[in-house]
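Chemist: Got a structure for you, written out below as structure tokens; questions coming shortly.
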Amino acid sequence: MIGPLVRDEQHLVELLARPFSRPQLDAITLGLSAPSAIIAGAGSGKTTVMAARVVWLVGHLGIPPERILGLTFTH
Numbered sequence: 003m004i005g006p007l008v009r010d011e012q013h014l015v016e017l018l019a020r021p022f023s024r025p026q027l028d029a030i031t032l033g034l035s036a037p038s039a040i041i042a043g044a045g046s047g048k049t050t051v052m053a054a055r056v057v058w059l060v061g062h063l064g065i066p067p068e069r070i071l072g073l074t075f076t077h
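For the numbering used here, count along the sequence shown from 1 and bump the result up by 2.
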């Protein structure tokens, strides 16, 4: 078996070339015990965090992409 494509948080940061804050990394790497929501102000990086979470779920946890639903909206 091949190991995860995304090894850890630092590897994710390197792959995406994005300096995530600690709260953003916490949201990205949150476990799978329940569905999650990201609620924050305009320009805070919600969409970027959501996209990085998909990379984490697929690349680190091995979740099939077709099992992931991400929604974003404004007003």
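Ideal Cβ placement from N, Cα and C applies to all residues, glycine included.
Given a threshold of 16 other Cβ atoms within 10 Å of its Cβ, counted over all protein chains shown, does leucine 63 qualify as buried or as exposed?
Modeler: exposed
Chemist: Kindly give me the distance between the Cβ atoms of valine 56 and isoleucine 40, rounded to whole angstroms, as I take these residues to be in contact under 8 Å.
Modeler: Not a contact, Cβ separation roughly 12 Å.
Chemist: Where are the alpha helix (DSSP H) runs, 4 residues long or more, that stay fully inside the segment 3-54, in chain order?
Modeler: Counting whole runs of 4 or more residues, the segment 3-54 contains the alpha helix (DSSP H) stretches 11-18 and 24-30.
Chemist: Go ahead and pull the three-state DSSP assignment for leucine 59.
Modeler: helix
Chemist: Report all residues from its chain with a CB closer than 8 Å to the CB of leucine 18; omit the five preceding and five following residues, and keep chain order.
Modeler: Ala54 and Val57
Chemist: Within 10 angstroms of its Cβ, does glutamine 12 collect 16 or more other Cβ (buried), or is it exposed?
Modeler: exposed
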